[in-house]
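Add 39 to a position in the sequence shown, counting from 1, and you land on the number used in our numbering. Just so you know, even glycine gets a beta-carbon here, dropped at the ideal spot from N, CA and C.
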Amino acid sequence: MAEAANVRQNLQNVPSIFEISAAETLDNLIYPALSKIFDYFGLRLDFKLWGSLRVQEELSPLLTWLLQYLYLRNRASSFGESFYGLQRTATATGELLTRRQQFASATLLTLLPYVERKLRSRSARHEDSSVWEQRLLNGFHAFHAAKAGHTFLYLIKYASSHSPIFRALRLTLRYPSEPPREDQWTYLVLKMLEVLAFFLQFVQWWYSNDQRRKVGGTLLNPDPMPQQQRDLDLPEEVKQTMPKRGECPVCLLPLQTPTACSVSGYVFCWKCIVSYMKEHGHCPVTRHPITLEDLVRIYET
């Protein structure tokens, strides 16, 4: 009877999917915002491990894990979940997290987004990836598909959890029946961290690539070399090999499917610039780093 009453009480404290999504968004902000801060101050792990093997890694994942574990241990919720007043409880009994579940939750909250960001970053730079990296990326795609299915089942109240991770850990998100009990110092520290959440959001917004493009970016387009200077400074045999107006700087032939590079402003053939970018990762004229998102097709009217 007591267990059934506890389960019934938990069902009445079910948060909406919008609150859960907002909490996940705040959790996902911690790592990239801390990375920007640490990069600004140059704080990274850099030491020789064994022979020629050298460890060069950021501190953000470690601090993110410590922050999440602190919240999970004191409030049975992650940083974002605590900010929105949610709590992780056992699905069957409604009890708070065990020590093992706290450790597993903090590790999964930190490790999965970190690995996925690293893999997607390598893929965006068109770096050569091994077979297991491609399999991991496919695994993340499958995970997001499974999570979308869980979210739908949670919306129609057919599932008690919104994520496969919660289902595997036998946990669910609920509103706490009573406020967490903690000493004054712990309360002050956690409150200060919650206030810093707004600062983390601001840092992530400021350094996002989309916002930098909206405000014009920090990379100035290079000025083209004046025609007279090119005629004076370059040997005759070099002048003959330089691309003329309407020619691609890579293949030196008339432009086919003209494509502009938004970083440098130069125009190339689509196939030429894509092939060059995949191999070298920068603009062939200015040497500025570029990605596939920096290429813009030009359509003639």
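Between SER121 and TYR110, the C-beta gap is smaller than 9 angstroms, which places the two residues in contact.
DSSP, read as helix, strand or coil, puts LEU210 in strand. Under the criterion of beta carbons closer than 8 angstroms, ASP66 and LEU151 do not qualify as touching, at roughly 11 angstroms.
Contact between the stretch 185-194 and the stretch 125-136 is not established, with fewer than three Cβ pairs separated by less than 8 angstroms.
For the pair VAL306 and ILE337, the CB atoms are nearer than the 9 angstroms cut-off. For the options PHE182, LEU227, GLU318 and LEU208, the alpha carbon positioned closest to that of ALA145 is the one of LEU208. The C-beta distance from GLN126 to SER116 rounds to 5 angstroms, short enough to fall under 8 angstroms. Apart from the 5 residues on each side of it in sequence, ALA198 sits with its Cβ closer than 8 angstroms to the Cβ of HIS189, LEU192 and ARG206 in its chain, given in chain order. Across the structure, PRO203 and ALA184 are spaced so that their CA atoms are roughly 10 angstroms apart. Beyond the five residues adjoining it in sequence on each side, GLU63 comes within less than 8 angstroms, by CB distance, of GLY119 in the same chain, given in chain order. In chain order, GLN126 place their CB closer than 7 angstroms to the CB of PRO215, counting only its own chain and leaving out the 5 sequence neighbours on each side. Under the 10 Å beta carbon count, ARG326 is surrounded by fewer than 16 other beta carbons and is classified as exposed. Between the alpha carbons of PRO71 and ARG284 lies a gap of roughly 43 angstroms. Taking the Cα positions, SER200 is about 11 angstroms away from ILE59. Around LYS310, the same chain offers GLN295 and THR296 as residues with beta carbons nearer than 8 angstroms, after the five sequence neighbours per side are excluded. Counting along the chain, ARG127 sits inside the beta strand (DSSP E) bounded by residues 126-129. Considering only ALA299, VAL289 and LYS157, the residue with the shortest C-alpha distance to HIS319 is VAL289.
In the three-state DSSP reduction, THR296 falls in the coil class, being neither helix nor strand.
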